[in-house]
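Notes to accompany the following structure.
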Ligand code: ADP
Ligand code: ASP
Ligand code: MG
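Here it is, written out as C-alpha cells:
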C-alpha cells in the first residue's frame, strides 16, 4: 500500500515526539508499505512567527509573511528526516517547492493548482522515505506561498490524490472526529465514519481537526482519509463516501469558530450598487466574507454587518475606509470578540423546529444571538466569544449528541428493502 501520513503540530512539538513519529513511520514501512510523510511546524511555532511580524507592523506585507511562516515546517522536515535516519530508515526532506507544489498567487491563503511530485516518485522508487513540508508551495514567480492555517492537512490529501495513494492518515492530538471538540465537551462521541459532505460542512464551520480544503480534495479525488491520534493506536475516524450504515441524525455535530470578526458599516446610503461596491472591493483584496446582514433602511440610511476571518479584519477595515468616505458612510466598527456556533446534520433537511430549539436553548443560558445564517444542513449563530464553551456544551446536551444513536444499519436495510419493493 502507498500511505501518506501527516503529523500535526502537537505530534512534532518536541524532539521526543519527533522520535515517536519516526517510530510510527518505521513501523508502517516494516509492515511493507510505501510511506510519504507530511509534517506541520512544531506546535505554537506558526503563531510565534506571526507574533514577531506583528511586533514590527500591524499590517505586514503578505508576501513577506509567507516567507516567514513557511520556515516552521522546514525545521520539522529536517528534524524528522534526521530522526528517521537515526533509526535506520532512509529518509530525505523536501520543501513544497522541491516536490512541485504549485499554487495561485494569493499569499497566506493560496490554493494548490498543480503538483508535479517528480522528486517524490524518484525518492519512493529508491526506497527513501520522503518527508515533505506541509502548508507551503510556490506561485508562478517561484515566490513561497502558504495554504492558510491548518494547511498541512491539504498538502497531505493533495499529495495522496496526486500519487493515487491508497490512504491518507492524518495523525493529530485527538483520537478522531467527534460530535464536537472533545477538548470542550469531554463526553463528545467519536464517530467511526463520517461522509465527505458532512465533514466538509463541519470543517468549514470551524472543526479545525481537518482544514476545509483538504476535505474538498479528498471528496473530489475520492481519497480515503483516516483521522487518528499519534499518541495511541485507537481506531480513529474514516472520512469516506456516504453509505447506508452512516448516521442520518437530525443534528450530528456542533462546531464553533472563534477565528471570526464582525465589521459593521453604520449609516450606509441605501441605494442600488452600494453592496456590490463594498463586497466587490473586499473580493478584489481576497478577503473572504462569510455572514452578511443588512438592516431595514430608515431615512434612506441602513447598517450593514458582515463577518471575515480575524486575520483579515484589519485589512478589510482599512480597505473599506477610503470607499466609505466616498460613499458617505458614517462609521466602520470592528468587533473581534465574537464566535460562530453551529449545528450540523444532513437530517435537518426534513425536520422542522430545529432552529427554534437551538435559539431557545441559547436564550435559556442568557446568550444573545447577534447574527444568524442557515443552509439546508446547518444553522449558525454569532455570539459573544466569552460564551462559546457554554453554547457548545448546551447545544451538545440539548441535541443529545453523546448518546449512541439507534442502529443505523437496521434503518439502512429497511430503506433498501423499501426501494426494492417499489
Ligand atoms: P494538528 O496540529 O494535528 O493539525 P489541530 O489543532 O489543527 O491539530 O486539530 C486538532 C484539534 O481539533 C483538536 O485538538 C480539537 O481541539 C479540535 N477539534 C475541533 N472540533 C473537533 C471535532 N469535531 N473532532 C475532533 N477534534 C476537533
Ligand atoms: N503550521 C501551519 C499552521 O499552524 C499549518 C498546519 O499546522 O497545518 O497553521
Ligand atoms: Mg491542523
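Residue numbers (the numbering used here): 2 to 423.
Glycine included, every Cβ here is placed at the ideal spot set by N, Cα and C.
What you are looking at is a predicted structure, and each value in this text was computed from that prediction instead of being measured.
Spatial neighbours of residue i in its chain, beta-carbon cut-off 6 Å, leaving aside the 5 residues before and after
i	result
residue 200	216 and 240
residue 204	211, 213 and 216
residue 186	394 and 397
residue 371	383
residue 107	287
residue 343	206, 256, 379 and 381
Other residues of its chain near residue i: CB distance less than 7 Å, five sequence neighbours each side excluded
i	result
residue 135	7, 39, 40, 41, 74, 152, 153, 156 and 157
residue 20	84
residue 286	316 and 320
residue 302	268, 269, 270 and 271
residue 188	403
Neighbourhood of residue i by C-beta, 8 Å cutoff - its chain only, sequence neighbours within 5 removed
i	result
residue 90	23, 26, 27, 30 and 130
residue 10	41, 42, 43, 44, 45, 46 and 47
residue 233	176
residue 322	333
Heavy atom of ligand 1 within 7 Å of residue i beta-carbon
i	result
residue 222	no
residue 392	no
residue 184	yes
residue 174	yes
residue 375	no
residue 265	no
residue 178	yes
residue 256	yes
residue 1	In the structure as shown, the chain begins at 2 and stops at 423. Residue 1 is therefore absent and cannot be evaluated.
Anticipated Cβ contact below 8 Å, residue i with residue j, distance rounded
i	j	result
residue 290	residue 307	5 Å
residue 109	residue 68	Going by Cβ atoms, the distance from residue 109 to residue 68 rounds to 11 Å, so no, they are not a contact pair.
residue 333	residue 266	6 Å
residue 198	residue 243	6 Å
residue 100	residue 118	6 Å
residue 164	residue 37	7 Å
Closer than 7 Å: residue i CB and nearest ligand 2 heavy atom
i	result
residue 389	no
residue 150	yes
residue 8	no
residue 215	no
residue 104	no
residue 41	yes
residue 136	yes
residue 96	no
residue 47	yes
Option nearest residue i by Cα separation, candidates the options
i	options	result
residue 406	212, 325, 191 and 185	191
residue 167	224, 293, 237 and 80	224
residue 104	181, 146 and 45	146
residue 355	253, 119, 273 and 271	253
residue 388	369, 399 and 403	369
residue 138	298, 102, 296 and 344	102
residue 93	55, 133, 396 and 111	133
residue 237	188, 174 and 276	174
residue 313	383, 357 and 150	150
residue 379	310, 327 and 255	255
residue 261	279, 229 and 206	206
residue 229	193, 220, 221 and 258	193
residue 218	159, 227, 209 and 195	159
residue 391	62, 182 and 304	182
Any non-hydrogen atom of ligand 3 within 7 Å of residue i CB
i	result
residue 154	yes
residue 242	no
residue 209	yes
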